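Residue numbers (the numbering used here), protein chains in the order written: chain B, 1 to 367; chain V, 368 to 734.
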């Protein structure tokens with residue numbers, strides 16, 4: 001059996017996907033070629049690209065009003081690419097409204113400040129990012145260029161459990177670590193982006209879902225390759241796309257369809273995260289500090305009451321096949337990422353280990 | 368036996384590399400993890416990254432005066448990233464000198480024009496890019512920001528067979544399709560860049576070799592993720608790098624070392640390309656139009672005297688296991704790319720097929 005990999009990303013992939021990738025490595029569907037070796041302009045690769053885009057649209061129910069783009073550079077590049085693409089629109093205020101809920105939205109607003117005027121419409125920084133501010137407290141700018149949120153903060157472990165209403169101002173969301181894990185009404189969003197290495201495959205691919213009317217307004221300084229108009233007009237082939245990463249994403253999507261699609265993943269995410277939060281909340285040995293209404297179903301940071309046991313915890317976990325459970329250096333402690341590829345058995349194994357660890361180390365202390 | 372894949376990129380990979388990638392797909396060196404699933408901050412991936420960088424430095428003999436950076440976006444993104452990084456230097460003329468030798472240097476100069484003043488120092492456009500202008504005819508700008516060349520034009524099939532002397536002005540070279548195929552004195556270059564999908568693995572990874580004093584001068588508009596200072600200061604981990612593409616690159620480099628390194632690849636490239644050019648030049652059925660002193664050892668475009676046979680040529684070639692031989696749409700005809708992974712047997716098989724095709728279709732015409 002493979003270990004349970006709780007990495008926040010690059011992250012666990014379904015075993016079926018890896019097996020298929022391994023089997024097809026030297027010869028994809030009797031072409032004699034690895035997908036890595038195919039010209040991006042060849043019919044086999046063009047069919048992979050089209051199928052992956054079609055499957056994403058179907059699984060996510062992306063409306064016809066939105067393009068799906070395959071890009072590079074990860075979410076960090078998007079922090080610049082988004083203002084470069086959205087600030088050239090006529091008649092807007094160059095203000096960008098941010099809801100600051102953690103490390104990732106913080107990075108996004110730092111970068112956006114190079115291109116426009118950042119307004120922090122709401123922030124939970126005073127609360128150590130342990131909650132998502134409710135919308136009635138946001139101070140939005142009328143006619144802002146856009147409103148940016150990070151719908152799931154991978155590091156801080158909070159998540160939006162409501163869809164903000166930004167009226168006619170485009171809502172932009174970094175969904176890197178929750179994409180494909182829950183049903184989203186994309187008609188409410190101007191731009192959604194996600195790097196692939198959480199729920200969609202390997203690092204080096206970024207999926208961007210953008211409303212058509214927001215395409216074609218890039219600032220002159222925007223590199224051509226990151227101008228959404230070029231990407232959209234060329235079906236994500238303005239330049240050579242990350243072909244193998246798109247193929248792996250395609251395999252993940254096929255697997256996801258076999259599992260029952262996004263609705264099934266949403267149920268599973270609720271089940272997995274509830275199991276873990278309930279266990280943590282019922283223990284005085286472990287602790288999660290995020291407000292109950294803002295907890296992430298994807299990334300569960302937690303702390304041992306006795307932090308001197310951290311190293312023993314990760315070492316003993318590894319021996320039980322529970323890998324990459326250490327928390328992000330910005331937060332400390334532990335973090336369990338429960339992406340789509342993590343089966344509920346993995347969460348049960350984690351909880352069983354946490355129980356045993358707690359029992360063993362309580363006894364140690366009592367001696 | 369695998370087919371011979373003459374694609375210009377993404378391109379043929381060594382069978383040993385693909386076999387190893389396939390075998391390690393579910394479990395890299397008893398970690399229990401696929402390389403795709405490893406946190407980029409985990410010790411196993413950090414060791415892969417370091418080894419790949421060290422092997423590149425050793426194979427290419429990159430001097431200590433230069434950084435090796437792993438980036439994303441391909442050569443097309445670099446067309447913007449380079450001026451964004453080099454035009455902020457104090458005391459320079461914002462002129463950028465270009466030597467225009469084909470489609471790729473053309474793309475580069477179009478993009479650079481968004482950030483600086485482009486001067487075409489020399490061009491072979493009047494000669495349909497069938498040669499590389501000799502340096503004595505170049506009109507360089509004193510104190511230019513940099514001089515840009517494309518040392519091997521993948522589409523037009525020409526290659527620099529001399530190292531330009533640009534004095535104190537940094538020389539920038541797009542070596543995407545010749546990297547690792549010949550010995551280069553990197554001390555003569557300010558910046559060298561190459562996408563990985565020709566000679567180094569899969570699409571989605573760009574290798575940049577940059578002289579240390581050229582780092583740290585980015586324009587304010589440069590996205591942080593593409594600012595060489597951020598990339599260099601963080602050992603190519605400013606953001607999540609394309610981890611799997613770096614791993615594949617590492618496997619290619621290990622294979623290359625087993626083959627005898629860059630000097631051996633240079634010998635092989637001379638042998639392979641000479642065989643093919645000699646055959647073409649000795650035939651009245653096939654034609655290559657590039658000037659003898661400017662011919663590429665990597666990409667050999669050629670034409671059939673009777674272009675109505677093009678489709679028959681590619682179809683019959685495919686039946687013989689000779690794949691992706693069709694020319695680029697901008698040039699037409701055929702193109703054989705002879706990257707490092709192409710064995711000399713592949714070139715012999717291509718020539719044997721071309722001879723047979725010529726014989727069969729001459730007979731057709733005579734009937």
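We treat Cβ as the ideally placed atom computed from N, Cα and C, and that holds for glycine. As the structure is a prediction and not an experimental result, all values here were calculated from the model.
In angstroms with no decimal places, state the Cα-to-Cα distance between residue 380(V) and residue 623(V). 11 Å
Interface flag, residue 367(B) vs chain V, CB-CB below 7 Å: Legend: pLDDT at residue 367(B) = 49, less than 50; position of this residue unreliable, value from coordinates given subsequently. By this cut-off, residue 367(B) is not an interface position.
Quick check: the stretch 64-76 of chain B against the stretch 393-401 of chain V, are at least 3 beta-carbon pairs closer than 8 Å? no
Just mark residue 91(B) as buried or exposed, buried being the case when its beta carbon has 16 or more other beta carbons within 10 Å. exposed
State the DSSP-derived secondary structure class of residue 107(B), mapped to helix, strand or coil. helix
Give me, in chain order, the residues of the same chain whose beta-carbon lies closer than 6 Å to that of residue 182(B); leave out the 5 immediate sequence neighbours on both sides. 266
Chain V contact residues for residue 74(B), given Cβ-Cβ distances below 8 Å: 439, 592, 606, 607
Buried or exposed (CB count within 10 angstroms, at least 16 for buried), residue 726(V): exposed
Taking Cβ positions only, does residue 492(V) come closer than 7 Å to chain B? no
At a Cβ threshold of 7 Å, is residue 372(V) touching chain B? yes
Assign residue 222(B) to one of three DSSP states: helix, strand, or coil. coil
Which two residues bound the contiguous alpha helix (DSSP H) that contains residue 664(V)? Residue 664(V) -> no alpha helix (DSSP H), and no H or E assigned at all.
Name, please, each residue of chain B whose Cβ falls closer than 8 Å to the Cβ of residue 562(V). 240
Short-range partners of chain V found in the stretch 10-25 of chain B, where Cβ spacing is below 8 Å: 10, 11, 12, 13, 15, 18, 19, 21, 22, 23, 25
Using DSSP bridges, identify the partner residues of residue 513(V). 463(V)
The alpha helix (DSSP H) that contains residue 636(V), what's its start and end? 628-648
In angstroms with no decimal places, state the Cα-to-Cα distance between residue 102(B) and residue 466(V). 47 Å
Could you check the C-alpha separation between residue 412(V) and residue 610(V) for me, to the nearest Å? 8 Å
At a CB distance below 8 Å, what residues from the stretch 125-156 of chain B approach chain V? Give them in sequence order. none
Should residue 181(B) be flagged as near chain V, meaning a C-beta pair shorter than 7 Å? no
Use the C-beta contact count for residue 173(B): other C-beta atoms within 10 angstroms, 16 or more gives buried, fewer gives exposed. buried
Start and end of the alpha helix (DSSP H) containing residue 415(V)? 410-427
Given that a residue counts as buried once 16 or more other Cβ atoms are within 10 Å of its Cβ, and exposed if not, what is residue 385(V)? buried
With a cut-off of 7 Å, does the C-beta of residue 243(B) fall near any C-beta of chain V? yes
Go ahead and label residue 682(V) buried or exposed: buried means 16 or more other beta carbons lie within 10 angstroms of its beta carbon, across all protein chains shown. exposed
DSSP-derived helix/strand/coil call for residue 162(B): coil
With 7 Å set as the bound, which would you pick, yes or no: does the beta-carbon of residue 483(V) sit closer than that to a beta-carbon of chain B? no
Would you tell me roughly how many angstroms separate the C-alpha atoms of residue 298(B) and residue 209(B), rounded to the nearest one? 21 Å
Say whether chain B places a C-beta atom closer than 7 Å to the C-beta of residue 558(V). no
What residues in its chain sit with their C-beta under 7 Å from that of residue 460(V), if we drop five residues either side in the sequence? 508, 510, 511, 512
Under 8 Å by beta carbon: chain B residues contacting residue 401(V): 13, 18
Examine chain B for any beta-carbon lying closer than 7 Å to the beta-carbon of residue 683(V), and answer yes or no. no
Out of 537(V), 569(V), 497(V), 568(V), state which residue places its alpha-carbon closest to the alpha-carbon of residue 554(V). 537(V)
Which same chain residues, not among the five before or five after residue 97(B), have their C-beta less than 6 Å away from its C-beta? 119, 121, 140, 141, 144, 147
Compare the C-beta of residue 106(B) with all C-beta atoms of chain V and state if any pair is closer than 7 Å. no
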